[in-house]
Amino acid sequence: MNKNRHYAPSWALGPEGQKATVLSTLEVCHDLQQLVRILSRLADIDLYIINSDYLCVAGSGAYEAAVGCISPRDTAIGYSLASGRPTLVADPRAHVACRDCSQQLTCRDLANYTAPIAVRDKIVAAVQAVAFDAPQCEILQNKAADLAEAITLFLVQSCETDARLLTALTGNRAEIDSAGLERIVGESPAMRSLKDDIMRCAPLDSTVLIQGESGTGKELVAQALHELSPRASSPFVAVNCGAIPESIIESELFGYASGTFTGAQRGGKPGLFEHADGGTLFLDEIAELPLQLQVKLLRVLQERKVMRLGGRKEYPFDVHIIAAANVDVAKQARNGLFRQDLYYRLSVIPLHVPALRDRDKDIELLVYHFARLYARRRGEPLPSIDPELIKRFISYSWPGNVRELKNFVEYGINFRKGLSLDLATLEERFVDAEKTPDKPGYEQWSMEKSITCPGSITPANVDNSGKPENQTEASWEQERSEQKVIKQALSRFGYTLEGKRRAAEELDMSLATLYRKIKRYGLLDAYRYDVGSSESTIKN
Numbered sequence: 017m018n019k020n021r022h023y024a025p026s027w028a029l030g031p032e033g034q035k036a037t038v039l040s041t042l043e044v045c046h047d048l049q050q051l052v053r054i055l056s057r058l059a060d061i062d063l064y065i066i067n068s069d070y071l072c073v074a075g076s077g078a079y080e081a082a083v084g085c086i087s088p089r090d091t092a093i094g095y096s097l098a099s100g101r102p103t104l105v106a107d108p109r110a111h112v113a114c115r116d117c118s119q120q121l122t123c124r125d126l127a128n129y130t131a132p133i134a135v136r137d138k139i140v141a142a143v144q145a146v147a148f149d150a151p152q153c154e155i156l157q158n159k160a161a162d163l164a165e166a167i168t169l170f171l172v173q174s175c176e177t178d179a180r181l182l183t184a185l186t187g188n189r190a191e192i193d194s195a196g197l198e199r200i201v202g203e204s205p206a207m208r209s210l211k212d213d214i215m216r217c218a219p220l221d222s223t224v225l226i227q228g229e230s231g232t233g234k235e236l237v238a239q240a241l242h243e244l245s246p247r248a249s250s251p252f253v254a255v256n257c258g259a260i261p262e263s264i265i266e267s268e269l270f271g272y273a274s275g276t277f278t279g280a281q282r283g284g285k286p287g288l289f290e291h292a293d294g295g296t297l298f299l300d301e302i303a304e305l306p307l308q309l310q311v312k313l314l315r316v317l318q319e320r321k322v323m324r325l326g327g328r329k330e331y332p333f334d335v336h337i338i339a340a341a342n343v344d345v346a347k348q349a350r351n352g353l354f355r356q357d358l359y360y361r362l363s364v365i366p367l368h369v370p371a372l373r374d375r376d377k378d379i380e381l382l383v384y385h386f387a388r389l390y391a392r393r394r395g396e397p398l399p400s401i402d403p404e405l406i407k408r409f410i411s412y413s414w415p416g417n418v419r420e421l422k423n424f425v426e427y428g429i430n431f432r433k434g435l436s437l438d439l440a441t442l443e444e445r446f447v448d449a450e451k452t453p454d455k456p457g458y459e460q461w462s463m464e465k466s467i468t469c470p471g472s473i474t475p476a477n478v479d480n481s482g483k484p485e486n487q488t489e490a491s492w493e494q495e496r497s498e499q500k501v502i503k504q505a506l507s508r509f510g511y512t513l514e515g516k517r518r519a520a521e522e523l524d525m526s527l528a529t530l531y532r533k534i535k536r537y538g539l540l541d542a543y544r545y546d547v548g549s550s551e552s553t554i555k556n
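Counting from 17, one number per residue, gives the positions in the sequence shown under this note's numbering.
This is how it looks when you write it as structure tokens:
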């Protein structure tokens, strides 16, 4: 076997050959590490994975020593992560991915294959298979793509149920060279005011509630608050309360004790509050948190201690809490859809991120910002941009805000003809977007095809009053109130798609959230029992 296979890469070693400093906040994903080792052993080739912060999160062979270390951005794996394209390097000295590599003098690779890993349509990591000798080069040619596909499949499936793994991959640490406000693009009065507020709030430990429409960049604001705070060197842990199934979100937030349920990790598992200790915990889409968990969250925030699910010991924590929502949480609290006491606890410092249509002076800045970003990823200079296209960008209403604009620009950079970005490249996309700005059909399909929430109330877990045995009286009463409010709105507007949209608008929640609550409370089934399955008979 080639002796080079036993040597750790130079970027994982200190100046005297010792193991480089490992980020103390990194928790190695043991399942992922085990998978990489098994696949590496079966294929007789070394593998390693970096996340979107270029942090090595798993590795085999020589690369086990690299786990917890930052990989240089100018290597082949960095090239693939930035470009989003699989890369086979058969000759490291000639390939474009290695042209500017800072590791050329110490690199022992004869060949390597890198594949980006996408979860929920976002590139979150990259995996590389490395060949150190001729037999491994042959393996690389035949098996590397299959190995990368197996790892990608594992990650995609695991991220659906493990919020910590998704956080580890997407990166929860600020880049060393990033300034907190630089990534928030905008010079309009509204954005200057927001940046001033961020600067004033960042040194404080008071709870912050960030509100704004979807796609406005609320997480960027949260990251800026963290990066400009005294906690910047500690972890920034983000969790989307609406993306995690209700059946596991409690254990993700608060952890669980050993033996709590079948398959539980021996010794238990700390939750995100414990993982964020000393740093910042960002609770995105806080309005999606089930009412029963809102009660527990309020108690945890008041006592600054967390008790793991199924445990008896309390664990103190020191965490700055930042929450975000794309709805008016105060209105939801008034309507009984969110606990008022929790709202008051979270909104000590309220921040509002303006919609893109309310700051059209920033649109041209954003277009050039993203054009430069995606051109650089392709290894190309910034293209010239047609003034007519800029006018089209400014005249469009942007219901998806900055996220939608970013997608438009990325499409334009990838599909433009010639050296400039012109209106012809994107006109058809604008026309299609203006036809269906809200895309209700997709939300209806996605929600009606979803599985009934595991936390739904069933006869097996309720007492004689109808209250679930493990639920407090207060949260049960609040859920009954929420159910009543939703039922009244649906009775008023109807169970048609348009009726549900109008009900969601009145209740100040997204259509997707309304569908989830209809399923949870069995309102659609009750409606069908009362009046039959034809929704068209309902009158507004």
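Just so you know, even glycine gets a beta-carbon here, dropped at the ideal spot from N, CA and C.
What residue does the beta strand (DSSP E) around E330 start on, and which one ends it? DSSP places E330 in the uninterrupted beta strand (DSSP E) bounded by 330–332.
Around the Cβ of K321, are there at least 16 other Cβ atoms within 10 angstroms (buried) or fewer (exposed)? Per the 10 Å Cβ criterion, exposed.
Does the count of Cβ pairs from the segment 423–430 and the segment 389–398 closer than 8 angstroms reach three? Enough Cβ pairs lie closer than 8 angstroms, so yes.
Rank N351, L527, P399, I410 by C-alpha distance to the C-alpha of K500 and give the top, closest one. Among N351, L527, P399, I410, the Cα nearest to that of K500 belongs to N351.
Excluding the 5 residues flanking P219 on each side, which residues of the same chain have their C-beta closer than 8 angstroms to its C-beta? L244, S245, P246.
Let's test the definition: count the other Cβ atoms within 10 Å of the Cβ of T122 and tell me whether it reaches 16, buried, or not, exposed. Label assigned to T122: exposed.
Residue nearest to L126 in terms of C-alpha spacing, selected from I86, C85, I61, K285: Ranking I86, C85, I61, K285 by Cα distance to L126 puts I61 first.
From this set, L171, N158, M525, which residue's C-alpha is nearest I10's C-alpha? Since the first residue shown for the chain is 17 and the last is 556, residue 10 is missing from the structure and cannot be characterised.
Excluding five sequence neighbours on each side, which residues of the same chain lie with their C-beta closer than 8 angstroms to the C-beta of L367? Around L367: L210, D213, I214, C217, V224, L225, I226, Q227, V237.
For S56, I'd like the list of residues in its chain whose CB is within less than 7 angstroms of its CB, leaving aside the five on either flank, ordered along the chain. Closer than 7 angstroms at the Cβ level, and outside the excluded window around S56, lie D62, L63, S76, G77.
Just confirm the distance between the C-beta atoms of K422 and A340, as a whole number of angstroms; I'd bet it's less than 8 angstroms. Incorrect: roughly 18 angstroms between the Cβ atoms, too far for contact.
So, with DSSP's three-state summary, where would you put L358? Helix at L358.
What is the DSSP secondary structure of A141, counted as helix, strand or coil? In this structure, A141 counts as strand in the three-state DSSP scheme.
C-alpha distance - R315 paired with H385, whole-angstrom precision: When rounded, the distance between both Cα atoms is 43 angstroms.
For A134 and Q173, what's the separation of their Cα atoms in angstroms? Those two C-alpha atoms are separated by around 11 angstroms.
Are the beta-carbon atoms belonging to C257 and I265 less than 8 angstroms from one another? The answer is yes: Cβ separation under 8 angstroms.
Please state the DSSP three-state secondary structure of Q120. Here Q120 sits in coil by DSSP.
Whole angstroms are fine: how far does the CA of S96 sit from the CA of P151? If you take the alpha carbons of P151 and S96, they lie about 24 angstroms apart.
In whole angstroms, what is the alpha-carbon distance linking T41 and G295? Residue placement at T41 cannot be trusted, given a pLDDT of 32 that sits under 50; what the coordinates show is reported in the next sentence. Rounded to whole angstroms, the gap between the alpha carbons of T41 and G295 is 10 angstroms.
Span separating the alpha-carbon of G538 from that of A505: It is roughly 15 angstroms from the alpha-carbon of G538 to the alpha-carbon of A505.
In whole angstroms, what is the alpha-carbon distance linking R89 and V140? Put simply, the backbone Cα of R89 is about 15 angstroms away from that of V140.
According to DSSP, simplified to helix, strand and coil, what is K451? Here DSSP, grouped into helix, strand and coil, assigns K451 to helix.
Let me check understanding here. Comparing Cα to Cα, which of K329, N430, P403 lies closest to E396? N430 is the residue among K329, N430, P403 whose C-alpha sits nearest the C-alpha of E396.
With a threshold of 16 other CB atoms inside 10 Å of the CB of Y360, please say whether the residue is buried or exposed. Under this definition Y360 is an exposed residue.
Tell me which same chain residues have a C-beta within less than 6 angstroms of the C-beta of L593, skipping the five on either side of it? What is shown of the chain runs 17 to 556, which leaves residue 593 out entirely.
What three-state label does DSSP hand G327 in the structure shown? Note: G327 maps to coil in three-state DSSP.
Proximity of I337 and L381 at Cβ, strictly below 8 angstroms: For the pair I337 and L381, the CB atoms are not nearer than the 8 angstroms cut-off.
Alpha carbon to alpha carbon, how far is N342 from D374? Their Cα atoms are separated by approximately 16 angstroms.
Enumerate in chain order the residues of its own chain whose CB-to-CB distance from L362 is below 6 angstroms, with the five nearest sequence positions on each side excluded. Apart from the 5 residues on each side of it in sequence, L362 sits with its Cβ closer than 6 angstroms to the Cβ of T223, L225, A339 in its chain, given in chain order.
Please go through the same chain and pick out, in chain order, the residues whose beta-carbon is closer than 6 angstroms to the beta-carbon of K347, but skip the five residues on each side of it. D524.
Where D374 sits in the DSSP three-state scheme: Three-state result, D374: helix.
Measure the Cβ-Cβ separation of E304 and T529 and say whether it is below 8 angstroms. For E304 and T529, yes; Cβs fall inside 8 angstroms.
I'd like to check one pair, R419 with G231: are the Cβ atoms closer than 8 angstroms? Taking 8 angstroms as the Cβ cut-off, G231 and R419 qualify as a contacting pair.
Assuming L325 contacts F289 under a Cβ cut-off of 8 angstroms, what Cβ separation, rounded to an integer in Å, is found between them? Actually they do not touch by this definition, with Cβ atoms about 12 angstroms apart.
Identify, in the order they occur along the chain, each residue of the same chain with its Cβ nearer than 6 angstroms to the Cβ of Q356, setting aside the five sequence neighbours on each side. Hits under 6 angstroms: A349.
Can the beta-carbon of V105 be found less than 8 angstroms from the beta-carbon of C117? Their beta carbons are not under 8 angstroms apart, which means V105 does not touch C117 by this criterion.
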